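To start, the structure under review is shown below, and the notes come after it.
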Amino acid sequence: MKYKSVFDIIGPVMVGPSSSHTAGAARIGLVARKLFGRQPEWARISFYGSFAETYRGHGTDVAIVAGLLGFDTFDERIPDALAIAQAAGMDVSFSAEEAIPHHPNTARVRIGDGKGELELVGVSIGGGKIEIIELNGFELKLSGHHPALLIMHNDRYGTIGAVASALAKHAINIGHMEVSRKEKGKEALMTIEVDQPLTDELLQELEQLPNIIQVTKLVD
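Note that the UniProt record's numbering numbers the sequence shown so that position 4 is 4, with each residue one more than the last.
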């Protein structure tokens with residue numbers, strides 16, 4: 001991968017021991033928490049590849065739960081995350097999977113409560129950086145390091161153009177954009193990472209566009 005600065009190599013400010021297995025895992029959990037919008041009542045976490053082999057020794061299990069609690073990589077409460085989650089009534093379980101992933105540091109996170117569920121797959125790519133590569137069955141590429149929009153919509157002509165026009169109207173520059181669909185003409189997921197802050201006014205405007213089902217904002 002390409003590094004933009006020395007901080008991409010030495011990793012983030014964090015509670016150790018590993019930028020890939022600890023800081024990256026914490027960020028995967030934190031993105032899941034932000035997308036879910038609240039603290040989940042339960043979590044089912046599956047580890048693959050190197051994560052599956054070493055998650056206990058490197059604290060990957062502790063870190064990913066810390067993220068689900070809303071703790072960032074530098075939070076001093078990370079070592080106590082499992083106990084904190086238990087005290088908060090969060091039912092957490094872990095499994096090590098034998099399936100061979102596309103990336104050795106891969107985790108599948110299923111979380112939920114009485115109001116809904118969310119499932120995502122995240123990979124830790126080094127230096128504390130992550131990518132979310134799947135969300136509720138949709139393929140995507142989300143870094144979690146920039147303001148982002150996740151827009152569930154009906155797969156119809158003109159929907160992407162309408163969203164892009166709304167962003168341009170608000171002087172929002174698109175850094176990365178992907179659209180994923182399971183079937184032609186059905187539901188699709190638009191993932192847009194941007195360079196500027198996302199306002200509530202913009203979100204409300206997007207929600208009123210034709211064919212838009214749901215708009216979720218993710219802020220770094």
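Beta carbons: idealized from backbone N, C-alpha and C, even for Gly. Remember, it's a predicted structure, so these values are computed and weren't measured experimentally.
{"Check": "Sheet register partners of Gln-214 (DSSP bridge)", "Outcome": "Met-152"}
{"Check": "Beta-bridge partners of Ser-180, as assigned by DSSP", "Outcome": "Leu-189"}
{"Check": "Anticipated Cβ contact below 8 Å, Val-194 with His-146, distance rounded", "Outcome": "7 Å"}
{"Check": "Whole-Å CB distance - Ser-50 paired with Arg-108, under 8 Å assumed", "Outcome": "15 Å between Cβ atoms; not a contact."}
{"Check": "Meets three-Cβ-pair contact criterion under 8 Å: the segment 149-165 and the segment 185-204", "Outcome": "yes"}
{"Check": "Backbone CA spacing between Thr-216 and Gln-196 [nearest angstrom]", "Outcome": "16 Å"}
{"Check": "Three-way DSSP call (helix, strand, coil) for Ala-171 in this model", "Outcome": "coil"}
{"Check": "DSSP-derived helix/strand/coil call for Ser-5", "Outcome": "For Ser-5, the predicted structure reports a pLDDT of 44, less than 50, and the residue's modelled location is therefore unreliable. The matter cannot be settled from this model."}
{"Check": "Cβ-based burial, Ser-210 [other Cβ within 10 Å; buried from 16]", "Outcome": "The question names Ser, but residue 210 in the sequence shown is Pro. It counts as exposed."}
{"Check": "Same chain, Cβ closer than 8 Å to Val-31, five either side skipped, listed in chain order", "Outcome": "Gly-67, Leu-120, Gly-122, Ile-130, Ile-132, Leu-142, Gly-144 and Leu-218"}
{"Check": "Proximity of residue 242 and Ala-26 at Cβ, strictly below 8 Å", "Outcome": "Coverage of the chain is limited to positions 1 through 220, which leaves residue 242 absent and any answer about it impossible."}
{"Check": "Best match in Glu-53, Ile-111, Thr-73 and Gly-112 for proximity to Ala-100 [C-alpha to C-alpha]", "Outcome": "The displayed chain sequence assigns Ile, not Ala, to residue 100. Selected option, being the one with the closest Cα: Glu-53."}
{"Check": "DSSP-derived helix/strand/coil call for Leu-69", "Outcome": "coil"}
{"Check": "Host alpha helix (DSSP H) of residue 221 (start-end)", "Outcome": "Past the edges of the chain, shown from 1 to 220, lies residue 221, and the structure says nothing about it."}
{"Check": "Whole-angstrom distance between Trp-42 and Ala-83, CA atom to CA atom", "Outcome": "14 Å"}
{"Check": "Beta-carbon proximity check, Ile-28 vs Ile-64, cutoff 8 Å", "Outcome": "yes"}
{"Check": "Distance, Lys-169 Cα to Gly-208 Cα", "Outcome": "For the record, residue 208 in the displayed sequence is Gln; it is not Gly. Whole-angstrom Cα-Cα distance: 15 Å."}
{"Check": "Proximity of Tyr-48 and Glu-97 at Cβ, strictly below 8 Å", "Outcome": "yes"}
{"Check": "Nearest-angstrom Cα separation, counted from Gln-214 out to Ser-165", "Outcome": "18 Å"}
{"Check": "Where Ala-23 falls, given that 16 or more other Cβ within 10 Å makes a residue buried", "Outcome": "buried"}
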